[in-house]
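Down below is the structure, laid out as structure tokens.
Protein chains: 2
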Amino acid sequence: MPRANQRPRLVDVAEHAAVSLATASRALAGREGVSAEVADRIRQIAAELGYVANPYARTLAGGASSTVGLIVHQVDDPYFAEIAAGVIQLAAEQGLLVQICQSGRDPGYELQQLRHLIAQRVGIVLIGGSGYDDPRMEAAARAELAAFQNHGGRAAAIGRHALGIDAVLPDNEAGGHALAQHLMDLGHRRIAVAAGSAGLTTVADRLAGVSSALRQRGRSSADLAVVHSDFTRGGGRAAAEQILNEHPDTTAIIALNDAMAMGVLSTLRTRRVPVPARMSVVGFDDVSVAADLAPSLTTIRLPMTEMGRTALTLALKPRSTRIRRRPTGHLLVVRDSTGPAPAT
Amino acid sequence: MPRANQRPRLVDVAEHAAVSLATASRALAGREGVSAEVADRIRQIAAELGYVANPYARTLAGGASSTVGLIVHQVDDPYFAEIAAGVIQLAAEQGLLVQICQSGRDPGYELQQLRHLIAQRVGIVLIGGSGYDDPRMEAAARAELAAFQNHGGRAAAIGRHALGIDAVLPDNEAGGHALAQHLMDLGHRRIAVAAGSAGLTTVADRLAGVSSALRQRGRSSADLAVVHSDFTRGGGRAAAEQILNEHPDTTAIIALNDAMAMGVLSTLRTRRVPVPARMSVVGFDDVSVAADLAPSLTTIRLPMTEMGRTALTLALKPRSTRIRRRPTGHLLVVRDSTGPAPAT
DNA sequence: AGCGCTTACGTAAGCGCTTACGTACCCTAG
DNA sequence: CTAGGGTACGTAAGCGCTTACGTAAGCGCT
Numbered sequence: 001m002p003r004a005n006q007r008p009r010l011v012d013v014a015e016h017a018a019v020s021l022a023t024a025s026r027a028l029a030g031r032e033g034v035s036a037e038v039a040d041r042i043r044q045i046a047a048e049l050g051y052v053a054n055p056y057a058r059t060l061a062g063g064a065s066s067t068v069g070l071i072v073h074q075v076d077d078p079y080f081a082e083i084a085a086g087v088i089q090l091a092a093e094q095g096l097l098v099q100i101c102q103s104g105r106d107p108g109y110e111l112q113q114l115r116h117l118i119a120q121r122v123g124i125v126l127i128g129g130s131g132y133d134d135p136r137m138e139a140a141a142r143a144e145l146a147a148f149q150n151h152g153g154r155a156a157a158i159g160r161h162a163l164g165i166d167a168v169l170p171d172n173e174a175g176g177h178a179l180a181q182h183l184m185d186l187g188h189r190r191i192a193v194a195a196g197s198a199g200l201t202t203v204a205d206r207l208a209g210v211s212s213a214l215r216q217r218g219r220s221s222a223d224l225a226v227v228h229s230d231f232t233r234g235g236g237r238a239a240a241e242q243i244l245n246e247h248p249d250t251t252a253i254i255a256l257n258d259a260m261a262m263g264v265l266s267t268l269r270t271r272r273v274p275v276p277a278r279m280s281v282v283g284f285d286d287v288s289v290a291a292d293l294a295p296s297l298t299t300i301r302l303p304m305t306e307m308g309r310t311a312l313t314l315a316l317k318p319r320s321t322r323i324r325r326r327p328t329g330h331l332l333v334v335r336d337s338t339g340p341a342p343a344t
Numbered sequence: 001m002p003r004a005n006q007r008p009r010l011v012d013v014a015e016h017a018a019v020s021l022a023t024a025s026r027a028l029a030g031r032e033g034v035s036a037e038v039a040d041r042i043r044q045i046a047a048e049l050g051y052v053a054n055p056y057a058r059t060l061a062g063g064a065s066s067t068v069g070l071i072v073h074q075v076d077d078p079y080f081a082e083i084a085a086g087v088i089q090l091a092a093e094q095g096l097l098v099q100i101c102q103s104g105r106d107p108g109y110e111l112q113q114l115r116h117l118i119a120q121r122v123g124i125v126l127i128g129g130s131g132y133d134d135p136r137m138e139a140a141a142r143a144e145l146a147a148f149q150n151h152g153g154r155a156a157a158i159g160r161h162a163l164g165i166d167a168v169l170p171d172n173e174a175g176g177h178a179l180a181q182h183l184m185d186l187g188h189r190r191i192a193v194a195a196g197s198a199g200l201t202t203v204a205d206r207l208a209g210v211s212s213a214l215r216q217r218g219r220s221s222a223d224l225a226v227v228h229s230d231f232t233r234g235g236g237r238a239a240a241e242q243i244l245n246e247h248p249d250t251t252a253i254i255a256l257n258d259a260m261a262m263g264v265l266s267t268l269r270t271r272r273v274p275v276p277a278r279m280s281v282v283g284f285d286d287v288s289v290a291a292d293l294a295p296s297l298t299t300i301r302l303p304m305t306e307m308g309r310t311a312l313t314l315a316l317k318p319r320s321t322r323i324r325r326r327p328t329g330h331l332l333v334v335r336d337s338t339g340p341a342p343a344t
């Protein structure tokens, strides 16, 4: 008999169906050892009663945890927000719940969040971000994740390698390459890069692509003015200031993500530098506002939502011995923020 | 003895401290019945062992659940993203984990998510959004939340009343009033509103504020062209098209949120309507990109992150018999998207 | 008919914690 | 010197589920 005013338990279902607890559990978990008719009866009764297994009891008893932990830098950064949206979508389809954490771009705090998540016994950890500057932090995270996986945990990274886990990785290098090529095609010779903090793998990879494009055209990457700041709008503003001051002959700025590009545009507007007539600007990621900026932003489109989904898919699959790296597509989207280099 | 390669359990702590399970539990929960010295010893040993209570076992045994469920329309909508950021921040400070769900602006799906969350035994439910069009859906959600609270659950709403739970509410009406007033001060007489879908309380409230401002100046709100669409950029574009076609003498558009305002600006740019020279545009919310648009957007600033924190605070507090409504501040932020009405 | 094997189900032992209740001890009052 | 009461701690009974193991029935086979 279900207790008055309480959620039904498995015993309630079992009693109604006149079977044992074990049989009811097996039937609802869809595992073998139950005849089809009995299993159907049990499922139907469960549905009638509105039975939903208590996840705490289930997990305690050794069943799989049905929650996935997601760590991102900041949920109100559009890049991470779109990734999170993808993860949450797919999780909902699978009946999983997503526990979300923000690292605030602080590797120490991120490690702490990771430990917290694991201590909370989530079944799956997804970790976004861009790697650590500090190799010791990185090693600690690797170790934590390795131990987690050894105990049956699943993990995947988004846009970050070097964590020793499966990862979905955009081709940052090819993206950087495409951007530099696009600008050179437009005749730009003095190109500056507004980069996120050095040490991030994302920064290194995108930058490598830019350099290789320059070299390909027989130009030294020493020509390239690279200014490091951080992957935010504020960082973009600061980088733009520095570029305008220290490299006044620059005609094109490659911001290594869209947030920085927005900051760059904002500074150029303030300084009354017309875009793209006097200065071309490109970004990276194609967050959804990029198309609505003025001027609309030329950038590399990354399928962020899809990346989130893919990461979860990767983590859900049985783990192979080799680390899997799932590349994602990317696409140069040319809009109004780039134009021919101004005549000198 | 801690099992090799396994997280320490409470028994491990108890054995090390040479006390019983019950004493260890009491000491770590900080409840009375343990002498100060013993409690200190236990806590220290727990720390040394890196003991973290298994939340599944804790919750099963009747301890409080330490997870809060958050339902928003879409995490990659900046408005909700900022709210979520606030919730997640405060939750982290309190050692709570946030389970996040997206309703996709679909009341039916939202209800389903709510049920799922409750079935998953989260301790606290926070629900953002803007109410339901369908009164039956709304009643269902009310009932679900009431039952949840009767079983000891905590709940709070963000920007939505009529759910029968504590809520943090911006003064939507005053905000709408301020926007309309600002435009009238600039001499605008033909004002159109790009509204989210009718039936949302947020829409109704903001609209009421606009109307009351008009009436206050002795103008009929029948003069006001109100176009309903939805609270997205696409919705804003559609609404702007409709306004330009059906009300060509409009000189100012009030978008009832920033997302719509961005859509409006995008359409005006496409149609080559100069802003603010030919048309003034205002938004509502002041999402962080609003300042970086071109032109930067005049809007009402809402403290979204703070609202998220406040909602959690509200839910954390012991429930009073009366429903509490916590208002939030708001502020008219005048930027470059508004200017004097063009001379006729 | 009797043997073993498979299939379908039941029994019961936990998972790691909280907490009601029980017990030993010490202190004070009569 | 003992009754009564408080404090500090231990014992053990669950919370609701999963699953290893046990058992009975049915099958084909010699």
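For the record, the sequence lines run as chains Y and B. Take 1 as the starting number for the first sequence in the working numbering and just add one per residue. Take 1 as the starting number for the second sequence in the working numbering and just add one per residue. Backbone N, C-alpha and C fix where the C-beta goes; we use that ideal spot for every residue, glycine too. If you're wondering where the values come from, they're calculated on a predicted model, not measured in any experiment.
Compare the beta carbon distance of Y:T202 and Y:S130 with 7 angstroms and say whether it is the shorter of the two.
yes
Measure from the C-beta of Y:S25 to each C-beta in chain B and report whether the shortest distance is under 7 angstroms.
Under the Cβ criterion of 7 angstroms, Y:S25 is not counted among the residues facing chain B.
Quick one: is Y:E82 buried, meaning 16 or more other Cβ sit within 10 Å of its Cβ, or exposed?
buried
Taking the straight line between their C-alpha atoms, what separation do you get for Y:T69 and B:H247?
Correcting the residue identity first, residue 69 of chain Y is Gly in this sequence and not Thr. Approximately 50 angstroms, taken between the alpha carbons.
What span of residues does the alpha helix (DSSP H) with B:D40 cover, start to end?
36–49
Determine, for B:G251, whether the minimum Cβ-Cβ distance to residues of chain Y falls below 7 angstroms.
Checking the sequence shown, residue 251 of chain B turns out to be Thr, not Gly. No, B:T251 does not count as interfacial toward chain Y.
My output table needs one value for B:D205: the three-state DSSP class, helix, strand or coil.
In the structure shown, B:D205 sits in a helix (DSSP, three-state: H, G or I).
Span of the beta strand (DSSP E), counted from its first residue to its last, around B:G62
Unbroken run through B:G62: none, as it is neither H nor E.
To the nearest angstrom, how far is the alpha carbon of B:N245 from that of B:E138?
35 angstroms
Have a look at the DSSP bridge pairing and note the partners of B:G69.
B:Q99, B:V125
Helix, strand or coil at B:V333 [DSSP, three-state]:
strand
Look at the alpha carbon of Y:Q149 and the alpha carbon of B:L179, and state the distance between them as a whole number of angstroms.
54 angstroms
Going along the chain, which residues of its own chain have a beta-carbon closer than 6 angstroms to the beta-carbon of B:A238, five neighbours each way excluded?
Only S229 meet the Cβ criterion.
Span of the beta strand (DSSP E) holding Y:S280?
280–282
Please confirm whether B:S229 has its beta-carbon closer than 7 angstroms to some beta-carbon of chain Y.
no
Taking the Cβ atom as the reference point for each residue, do Y:A156 and Y:A311 lie within a distance shorter than 7 angstroms?
Yes, the Cβ-Cβ distance between Y:A156 and Y:A311 is below 7 angstroms.
Would you say Y:Q181 reaches chain B, if we count a Cβ-Cβ gap shorter than 7 angstroms as a contact?
With 7 angstroms as the cut-off, Y:Q181 does not count as an interface residue toward chain B.
Is it true that the CB of B:D336 sits closer than 7 angstroms to the CB of B:S296?
For B:S296 and B:D336, yes; Cβs fall inside 7 angstroms.
Which residues mark the beginning and the end of the alpha helix (DSSP H) in which Y:V13 is found?
10–17
What are the complete alpha helix (DSSP H) segments, minimum 4 residues, inside the region 228–284 of chain Y?
DSSP runs (the alpha helix (DSSP H)) wholly in the region 228–284 of chain Y: 233–246, 258–270.
In terms of DSSP beta bridges, what is Y:I158 paired with?
Y:V168
Cβ pair count under 8 angstroms reaching 3, the region 153–169 of chain Y against the region 118–130 of chain Y
yes
Reduced DSSP category for B:R301 - H, G, I as helix; E, B as strand; rest coil
strand
How big is the Cα-Cα spacing for B:F231 and B:E32?
Annotation: B:F231 to B:E32 spans about 52 angstroms, alpha carbon to alpha carbon.
Own chain residues within Cβ distance below 6 angstroms of B:N257, not counting five before or after:
F231, F284, D285
If you check the beta carbons only, do B:V226 and B:Q242 fall under 7 angstroms apart?
no
Comparing C-alpha positions only, which one of Y:G234, Y:V193, Y:L200 sits nearest to Y:S221?
Y:V193
Mind checking B:T270: buried by the 16 CB within 10 Å criterion, or exposed?
exposed
Residue-chain proximity (Y:A143, chain B), Cβ-Cβ < 7 angstroms
no
Nearest-angstrom Cα distance between B:M184 and Y:A290?
Cα to Cα, the separation comes out at about 32 angstroms.
Ignore the nearest five residues each way along the sequence and tell me which others in Y:L200's own chain have a CB closer than 6 angstroms to its CB.
S130, G131
Kindly list, in the order they appear in chain Y, the residues whose Cβ is closer than 7 angstroms to that of B:Q266.
One detail in the question is off: residue 266 of chain B reads as Ser in this sequence, not Gln. The contacting residues are D292.
Comparing the C-beta of B:D76 with each C-beta of chain Y, is any distance below 7 angstroms?
yes
Quick one: residues in its chain with C-beta nearer than 6 angstroms to the C-beta of Y:P348, no 5 flanking neighbours on either side, listed in chain order?
No answer is possible for residue 348 of chain Y: it lies beyond the span of chain Y, which begins at 1 and ends at 344.
Between the alpha carbons of Y:L347 and B:P78, how many angstroms are there, rounded?
Only positions 1 to 344 of chain Y appear in this structure, which leaves residue 347 of chain Y out of reach.
Consult DSSP for Y:I323 and reduce its assignment to one of helix, strand or coil.
Y:I323 falls in the coil class under three-state DSSP.
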